[in-house]
Amino acid sequence: MSQRPSYRWMRDCLELLYDRVDDERARAMLFEPAERSIVYAELELDLAASGMPEGMFETSEGESLGIALLALRLRFPRDIALEKVELNIAMREGRA
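Residue 15 is where the sequence shown starts when you use this note's numbering, and the numbers rise one by one after that.
As structure tokens, then:
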């Protein structure tokens, strides 16, 4: 039986988006792939330390997750967004 990958880095990514990216830049990231790439490259070392696979945001899965995290960042207050990402992580890891 293979072990499912960990997605715990998603919580750290969302926290970093709240801590380091203001609303205006987050909106720009949502609609401009180049801006999204720049910001996620800036966060990559922190996220690698959290277990994010190298090059994750260059994959279709990573791009989708990055956009989803941005949407949470823009749509919900921090505490609610973190609850939602925790549920998503649990489902991805087979714990929900």
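Where a beta carbon is used, it is the ideal one built from N, C-alpha and C, also for glycine.
In angstroms, rounded to a whole number, what distance separates the CA positions of M66 and R34?
For the purposes of this step, residue 66 is identified with residue 52 of the sequence shown, where counting begins at 1. For the purposes of this step, residue 34 is identified with residue 20 of the sequence shown, where counting begins at 1. Their Cα atoms are separated by approximately 18 Å.
Whole alpha helix (DSSP H) elements within the stretch 41–108, 4-residue minimum
The stretch 41–108 contains these whole alpha helix (DSSP H) runs: 47–63, 74–89, 92–106.
Of the residues L28, Y21, P19, S20, the one placed nearest R87, counting alpha carbons only
By 1-based counting over the sequence shown, the position of residue 87 is 73. The candidate whose alpha carbon is nearest that of R87 is L28.
Excluding sequence positions up to five away, which residues of its chain have a Cβ less than 6 Å from the Cβ of D9?
Residue 9 falls outside the range modelled here, since the chain spans only 15 to 110, and no answer is possible.
Are the beta-carbon atoms of I81 and M24 separated by less than 8 Å?
By 1-based counting over the sequence shown, the position of residue 81 is 67. By 1-based counting over the sequence shown, the position of residue 24 is 10. No. Outside cutoff.
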